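Below is one structure, written out as structure tokens; comments come after it.
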Amino acid sequence: MLNISQYQKKIEQITVEPSNAIFKELGNNNYDFIELISELIDNSIAAKVDGTPLNIKIEIGLSSNQKETYLIIKDDGCGIKKENLGKAITPAGFSGGKTLNEHGLGMKQAVASLGSLSYLLTKAIDEKVTSYIDKFEFGEISMLQIDYDWNHGTEICVKNLNGIVPTSQQKYTMYVVPYLGAKYKRFLKSDNPKMQLSIALLDVDQLDENELPLEIQAWKVQEVKQTYFHPNKRQNKPIVLNKEFKGKGWKAKFTFGYAPTNEEYEELGLELPKPYSPYVVSIKKQGFDMITHDRVINFSQFHELGFVNVPHNNYNYVRGEIDLLNGFSTSTTKNFILKDKNLEELLNQIKSYLEENGLLERKNDPDELPEKLLRDRLANYLKGRTIEPKKDVKTEYTVQGLAGAIDVYADEEAYELKKGQAAGLDVYQLFAYMDMGSISKGYLVAKSFTTGAQAAVDYIKQNHSKEILIVQLDEFPIRNAPNSEERKKYFK
Ligand SMILES: Nc1ncnc2c1ncn2[C@@H]1O[C@H](COP(=O)(O)OP(=O)(O)O)[C@@H](O)[C@H]1O
Ligand SMILES: [Mg+2]
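Remember, my numbering sits 836 above the position in the sequence shown when you count from 1.
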């Protein structure tokens, strides 16, 4: 490394001038339309007046002539004070913020990506007049003071819309509106909305009876949230709710659960999500919502978070939210959480937690069914089957002298049930019942078996003359979904 103090020096000055080209360059980012419009929505939310719901109206004027197209976003937030307007326009003028205003770039990025600035109007809550500007530039720019009819708020109009702005109704219905509903779900909560967000698509080339552009369609953005299905509670509930993870200088909360199957939607009494819904079960839409300041920064797939190597259908039902409470930053395009040490630590902690608890794959039937239910079903099956039905069938049959009970005792045969994998020790447990209960034949029924289980069976047969058979749970027709009676009886 160069050590400047060792050299002879002559001092001269150079001037670093701000270049207005930055306002255009800021538009060359990797944002999609949702993310661009979200920058403007974030600003409105950050300016929300405490105690009253915020209103945001987005209007998009379409025309066959690109010069006539425009996008307006208008809010009734607290506006920008005259003295702050210059700084608000300066790229990174307000930066390092720890709120929804973070880098001091968003508005400029959004405007330049969407088209070009037509005007910005703003009236601060404690000021009398509305300020109007029509350029983003360095240096002195003129600001008009006008008498606009509103209490306070900000209105930004972008003209000459670029191709990134969708023009079809379908794109709004199936993409823009539901994704904004998901992204801002916490502000749009149907029971207690903190904001109203509406979008209208207008045809500038056709006028209505009031000589205004004809409305093609309008949408009220509604909350879109994950639906969960708790396999045991059989309710719309996550498995893990707001579990706290923390490290040095950071804190996050994690919510995790499984999406319902189509039948389970019915069981919950809910409508099936539309195929375009942000949380529909599909390989493209698996993953967790990454949230900062209560809005979704991105919908991350598992492989993007490093939880699995490649996307796989196995994880399609997994749902969740990672709520980044403090110690995390977004990139300058706010669709990304900086991959710093804090994020790495958090993701590692969550990954181990998911692995330790075997949560990433939704447990399938036998694990979802309580053991008692499986046991009773097995007893009923043995009694009721056509081929060699059992006559004397008892459940939880107590073996004298041994504090324990055989799951099912049927015509002098013992049946032990395991929902998961059975090992050698499980075989020996059954053997103990058989030995002390003088039972000569036993069945160990389980989802799967370790090699130790078979070794134990062979050893017992040779040395103790007791016959134990290991049988896959699948061989019995007892794994079907619970009916409503069973649900009442076994799931509490
Ligand atoms: N709708 C709005 N209402 C009030 N203030 C706004 C609004 N939009 C932008 N501002 C002001 O302009 C500043 C710059 O916005 P922006 O370029 O998005 O950067 P950032 O939000 O990261 O500060 C904001 O910090 C805020 O002070
Ligand atoms: Mg912003």
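No residue lacks a Cβ here, since even glycine has one placed at the ideal position from N, Cα and C. Predicted model, so just to flag it, every value in this text is computed and none were measured.
DSSP on residue i, reduced to helix/strand/coil?
i            : result
residue 968  : strand
residue 1134 : strand
residue 874  : helix
residue 1257 : strand
residue 1142 : coil
residue 841  : helix
residue 1237 : coil
residue 1075 : coil
residue 1126 : strand
residue 867  : coil
residue 1202 : Per-residue confidence for residue 1202 stands at a pLDDT of 44, beneath the threshold of 50, marking its modelled position as unreliable; the derived number appears in the next sentence. Correct three-state label for residue 1202: helix.
residue 1044 : coil
residue 885  : coil
residue 1024 : coil
residue 1263 : helix
residue 959  : strand
residue 1039 : strand
residue 994  : strand
residue 1156 : strand
residue 1106 : coil
residue 1250 : strand
residue 1065 : coil
residue 974  : coil
residue 1344 : Past the edges of the chain, shown from 837 to 1328, lies residue 1344, and the structure says nothing about it.
residue 1049 : strand
Report the rounded CA-to-CA distance for residue i versus residue j, giving the unit in angstroms.
i            : j            : result
residue 862  : residue 1167 : 14 Å
residue 1258 : residue 1283 : 8 Å
residue 1155 : residue 936  : 25 Å
residue 1309 : residue 1281 : 5 Å
residue 1022 : residue 1130 : 6 Å
residue 840  : residue 850  : 19 Å
residue 928  : residue 945  : 11 Å
residue 915  : residue 1035 : 21 Å
residue 1078 : residue 1123 : 16 Å
residue 1172 : residue 1045 : 45 Å
residue 856  : residue 1103 : 59 Å
residue 931  : residue 1164 : 15 Å
residue 838  : residue 974  : 36 Å
residue 1074 : residue 1185 : 19 Å
residue 1081 : residue 1089 : 6 Å
residue 1194 : residue 1224 : 39 Å
residue 815  : residue 1135 : Any property of residue 815 remains undetermined from this structure, which presents the chain solely from 837 to 1328.
Check whether the Cβ atoms of residue i and residue j sit closer than 7 Å, and answer yes or no.
i            : j            : result
residue 1246 : residue 1218 : yes
residue 1060 : residue 1114 : yes
residue 867  : residue 1169 : yes
residue 1365 : residue 1266 : Residue 1365 lies beyond the stretch modelled for the chain, which goes from 837 to 1328, so this question has no answer here.
residue 1093 : residue 1064 : yes
residue 1263 : residue 1239 : no
residue 988  : residue 964  : no
residue 1087 : residue 1161 : yes
residue 892  : residue 1033 : yes
residue 898  : residue 1003 : yes
residue 1331 : residue 1237 : Residue 1331 lies beyond the residue range present for the chain, which begins at 837 and ends at 1328; the question has no answer from this structure.
For residue i, collect the residues of the same chain with a Cβ closer than 7 Å to its Cβ; drop the 5 residues on either side in sequence, then sort them by chain order.
i            : result
residue 890  : 880, 881, 884, 911, 912, 913, 1030, 1031
residue 976  : none
residue 925  : 972
residue 1209 : 1318, 1322, 1326
residue 1231 : 1211, 1212, 1215, 1243, 1244
residue 1157 : 1091, 1124, 1125, 1127
residue 1015 : 870, 1114
residue 1043 : 1049, 1050
Any heavy atom of ligand 3 closer than 6 Å to the CB of residue i?
i           : result
residue 920 : With respect to ligand 3, the structure offers nothing, as its ligand set consists of ligand 1 and ligand 2.
Spatial neighbours of residue i within its chain, please: CB distance less than 6 Å, with the 5 preceding and 5 following residues excluded, ordered by chain position.
i            : result
residue 1116 : 1109
residue 1201 : The predicted position of residue 1201 is uncertain, since its pLDDT is 42 and thus under 50; a value taken from the coordinates is nonetheless stated next. 1315.
residue 951  : 994, 995, 996, 997, 998
residue 922  : none
residue 947  : 953, 994
residue 1305 : 1279
residue 1181 : 1083
Could you check how far apart the C-beta atoms of residue i and residue j are, in whole angstroms? I think they sit under 8 Å.
i            : j            : result
residue 870  : residue 1019 : 7 Å
residue 1243 : residue 1211 : 5 Å
residue 1085 : residue 1178 : 6 Å
residue 896  : residue 1038 : 7 Å
residue 984  : residue 970  : Not a contact, Cβ separation roughly 14 Å.
residue 873  : residue 992  : Actually they do not touch by this definition, with Cβ atoms about 11 Å apart.
Between which residues of its own chain and residue i is the CB-CB distance below 8 Å, once the five residues before and five after are set aside?
i            : result
residue 1303 : 1276, 1277, 1278, 1297
residue 902  : 996, 997
residue 845  : none
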